[in-house]
Amino acid sequence: MSRSKPPSANDSADFMTKHGFKTKDDVYRALLEKYQNMLATQETTRKNDVSSAEMAGQIKYYKSVMQHAHDVRALSAGIEKVIAVALDSQNHMTTMTRKLIEASNISAAEKKGLENEIKRLHETLLSTFTKALDGRSAATETSAPATNETETKPKKGVATPKTRPAILLTEALNRFLNSKPAKSLETQRDTSRTVALFIEAFGDRPIREIDGKVAGDFRDVLFSLPASHGKTKNLSLQEEIERAASHDVSTLSAKTVKNHFMRLSSLWNDLLRRDMVEKNPWGNWDFNLTKKTSRRAWTAEEMGKLLQTPWPLCSIPADTFKGITMVAAYSGMRLGEICNLRNGDIETIDGVLCFRICAHPEDNWSPKTEAGERLVPIHSALLDWGILNFQNAGEKYLFSELKISTDGNRGADFSRAFSRYKMMMELPPAVTFHGFRHTVSTLLRNQNSDIRELWIDALLGHEASHKSQGATTYLSGIEMQNLKKTVEAIQYSSFAFRKFDVS
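Heads up: the sequence shown begins at 6 in our numbering, then just goes up one per residue.
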């Protein structure tokens, strides 16, 4: 094996000459300078690595803190909803359980209906807890820390949008109103009550989701609430609205509704100045302080949804629900008038089949006003549908499945069941069964035929706008054929359940 020869003196001289070195000291100085540069470069690289590692750690920490705060907020909101549903379900279940224990004289069908309702509430409660837990699990998975450094570093060239945290209405109230010393205790108290009323109707929503549509829906809710709202215990907001509609009681005044809107508008102006919201949906609303706003009529879309949504299993049979609803839609009669119709109240007057609405002193029931005692021709759509099939021999009432409540109200159970039904359809709280009466009134007063206002008043049982002898004396003042003509003017593009047939 050959060995390489050590460099000779001539080779060293050639190397120094080639690179411009005169002496060996020059070579040593150049090597020393090169080595120092390498050390400086290595030190700079080390500092950069340490700085990058610290920055990555800070990014990871801040990301973890922000995600944790988001998770806590989401979990708190979920827990509040679960508690609300739990309390509501517990109250309903306790009430119905007490009824099952105490009401020994109810029928087997009613007991079965109450048992089914308890089961439904239990399943609703269980489902709500499950969703809340699933949401918590999803949030935990989302907030899991990154497993390697590359996950925490933002990618170059990709713009990261600045997201705003979702602030709930209650949080906004506490941060920007109740924490202000300048706001009087009375202002804080009244605004808190208004916010609580909104949350009862629509939930504790993020402030950026509350727009003009939501504000309009809240306005409808307020105008539908009874003036005595809050004084009746154990009634939900929807049940309060149904009570006001079915009993035709006085509702909140325009001044009261305007005050609610002014409180929310003041809060939103503060949020607007802080750039927490984009606009104030509570301003520029019209409030007629001289006249009460009438309750809301049904829209064609809402009536179509009612036809497509099955009636839930409860103590009120589906056929009874359909019959009562059809009568309301094609006559404008009040719920109490429909529920108290007797088989003997169906009469033929001047060749026209009619419902006779009159007092039943033996049952302690009478129409709302003197004008309420009247004859209502039965619409041809009702006859074609099969409304007369509800007449059963030996039964006193047309809708014999309805039961009389402890206070003598035959429509109370139906009103509560219809309220739950509307909540299931997610219809606005302002849409009530009484709205069919306003729907009929609107249809008749906007039709193009020669139907007189006096005939409409007589059909609906309103106090006549024309104070004449003809207006106060029903049979002598208005011919039955004119009332029949008025009823038949109630026309819908498409509203009818499947024909009712007892067979």
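Heads up, the beta-carbon is just placed ideally off N, CA and C, and yes, glycines get one too.
Given residue i as reference, the closest of the options once Cα atoms are compared
i    : options                : result
P231 : F207, D216, G217, T261 : T261
K427 : W290, W303, K68        : W303
D222 : D455, P434, A463       : P434
N285 : L340, R213, I246, N345 : R213
L312 : D324, H234, L80        : D324
R268 : F181, V32, N293, R347  : F181
K310 : D30, T199, M21, S499   : S499
H365 : Q396, Y402, H443       : Y402
H443 : E85, I461, M429        : I461
P211 : H439, V226, W273, R224 : W273
L326 : K39, F419, L202        : Per the sequence shown, residue 326 should be read as Phe rather than Leu. Nearest C-alpha to F326: F419.
V445 : M429, L464, L432       : L464
R347 : W316, E205, E306, A398 : A398
N394 : D506, R379, E283, P315 : D506
I204 : V55, L174, A61, V87    : L174
H439 : M430, L240, S424       : S424
D548 : P317, N345, A220       : Any property of residue 548 remains undetermined from this structure, which presents the chain solely from 6 to 508.
R224 : A82, A177, W287        : W287
L432 : C319, F207, I215       : F207
Q193 : A45, Q496, E367, S271  : S271
S405 : Y66, N345, L202, K29   : N345
L257 : N289, N293, Q63        : N293
L242 : A259, A201, I215, F266 : A201
G83  : W316, L407, D209, R503 : D209
L1   : L448, C319, L449       : Residue 1 lies beyond the stretch modelled for the chain, which goes from 6 to 508, so this question has no answer here.
A501 : A305, E400, A35        : A305
S81  : N289, E176, T22, R503  : E176
G283 : I215, V55, I64         : One point to set straight first is that residue 283 is Glu, not Gly, in the sequence displayed. It is I215 whose Cα lies nearest to the Cα of E283.
Residues of its chain near residue i, where Cβ-Cβ distance is below 8 Å and the 5 sequence neighbours each way are ignored
i    : result
D355 : E484, M485, Q486
S385 : E493
D195 : N264, R268
D275 : F181, L182
I392 : G328, M331, V332, I383, F505
N583 : Nothing can be reported for residue 583, as the shown portion of the chain is limited to 6 through 508.
L240 : R248
Assumed close pair residue i, residue j - CB separation to whole angstroms, cut-off 8 Å
i    : j    : result
W390 : M331 : 6 Å
C359 : I383 : 6 Å
E416 : L340 : Per the sequence shown, residue 416 should be read as Gly rather than Glu. Between L340 and G416 the Cβ distance is about 5 Å, and since that is below 8 Å, they are a contact.
A422 : I351 : About 25 Å; that fails the 8 Å criterion.
T314 : M430 : 5 Å
A388 : R361 : Looking at the sequence shown, residue 388 is not Ala but Leu. Not a contact, Cβ separation roughly 16 Å.
L178 : S197 : 7 Å
Residue-chain proximity (residue i, chain B), Cβ-Cβ < 8 Å
i    : result
W460 : Looking at the structure shown, chain B is missing, and only one protein chain is on hand.
Close Cβ partners of residue i (< 6 Å) along its chain, the five nearest in sequence each way excluded
i    : result
G377 : G466
S142 : Because the pLDDT at S142 is just 47, under 50, the model does not fix this residue reliably, and the value given afterwards should be weighed accordingly. Nothing meets the Cβ criterion.
V357 : P382, M485, K489
D255 : A quick correction: the sequence has Ser, not Asp, at residue 255. Only A232 meet the Cβ criterion.
F26  : V32
H234 : E245
S371 : A364
The ligand NAP heavy atom lying under 7 Å from the CB of residue i
i    : result
D368 : With respect to the ligand NAP, the structure shown offers nothing to examine, as it has no ligands at all.
Other residues of its chain near residue i: CB distance less than 7 Å, five sequence neighbours each side excluded
i    : result
S410 : A417, D418
I172 : P211, I212, M281
T199 : H265, R268, L269
T447 : A302
- Pick out the complete alpha helix (DSSP H) segments inside the stretch 371-395, 4 residues or longer, and give them in chain order. 385-390
- Item | Uninterrupted alpha helix (DSSP H) stretches inside the stretch 14-100 (no shorter than 4 residues) | 14-23
- Write down every uninterrupted run of the beta strand (DSSP E) in the stretch 303-384 whose length is 3 residues or greater and which is fully enclosed by it, in chain order. Qualifying beta strand (DSSP E) stretches, in chain order: 351-354, 357-362, 379-382.
- Query: Taking one C-beta from the stretch 330-344 and one from the stretch 490-501 each time, how about it: are there three or more such pairs within less than 8 Å?
  - Reply: yes
- With contact counted as at least three CB pairs below 8 Å, one residue from each stretch, are the stretch 448-464 and the stretch 275-285 in contact? Taking 8 Å as the limit for Cβ pairs, the verdict is that the stretch 275-285 does not touch the stretch 448-464.
- Please list the segments of the alpha helix (DSSP H) lying wholly inside the stretch 196-283, counting only runs of 4 or more residues, in order along the chain. 217-229, 242-252, 259-278
- Message: If we require 4 or more residues per run, which alpha helix (DSSP H) segments fall completely within the stretch 399-445?
- Response: 417-430
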